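For reference, the structure discussed in these notes is given below.
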Amino acid sequence: MRITVVLFTIAQAILLIFLGVFAWRSAPSLAGWEYKDVIGILLTTVTVVIAVLGVLLALAAIWGWQKITEEASKDAIKATQEYLRSDEFYGIVAAIVGDRLKDDMQSILQSRVVTSNDRTDNSNPDEPWEE
27 MRITVVLFTI AQAILLIFLG VFAWRSAPSL AGWEYKDVIG ILLTTVTVVI
77 AVLGVLLALA AIWGWQKITE EASKDAIKAT QEYLRSDEFY GIVAAIVGDR
127 LKDDMQSILQ SRVVTSNDRT DNSNPDEPWE E
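Residue numbers (this note's numbering): 27 to 157.
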């Protein structure tokens, strides 16, 4: 928005300068000019105007692309931060951590529990234990 106002102001200033020069010098005389001279000047003028518009359009495109990427980056960061603070994310993380902790604890306990049925003392496992 701001760049549009600046470009519009510059265009108005250039137009006022040309109008001032034209009014100060009076209208040029076209006596002795041929059509090929007028056509050449008009085509040159159109070419210069199109070139200037092309450059301005390119500058506006670059500026616009930068603004779009900045805004997209800001929105992506904001959305990510909101998701990371959400209850849904905490629920997912808690479930994953809980499952992982449960699996790790089971593997640790299984490695420490004796599962062999080979008894060397010939005691009955249903009898009460005595010292």
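Ideal Cβ positions, reconstructed from N, Cα and C, are used throughout, including at glycine.
Fair warning: this is a prediction, and the values are worked out from it, not measured in the lab.
Endpoints, the alpha helix (DSSP H) within which residue i is located
i, result
"residue 112", "Element bounds for residue 112: n/a, residue is neither H nor E."
Through-space distance from residue j to residue i, alpha-carbon basis
i, j, result
"residue 77", "residue 119", "57 Å"
"residue 70", "residue 110", "60 Å"
"residue 72", "residue 66", "10 Å"
"residue 35", "residue 117", "56 Å"
"residue 43", "residue 37", "10 Å"
"residue 63", "residue 86", "35 Å"
"residue 127", "residue 98", "38 Å"
"residue 45", "residue 104", "51 Å"
"residue 61", "residue 68", "10 Å"
"residue 113", "residue 96", "28 Å"
"residue 123", "residue 94", "38 Å"
"residue 57", "residue 47", "20 Å"
"residue 39", "residue 106", "47 Å"
Pair within 8 Å by beta-carbon distance, residue i and residue j
i, j, result
"residue 29", "residue 91", "no"
"residue 82", "residue 33", "yes"
Sequence-distant residues of its chain with Cβ nearer than 8 Å to residue i (five each side left out)
i, result
"residue 115", "109"
Same chain only: Cβ atoms within 7 Å of residue i, ignoring 5 sequence neighbours per side
i, result
"residue 121", "none"
"residue 134", "none"
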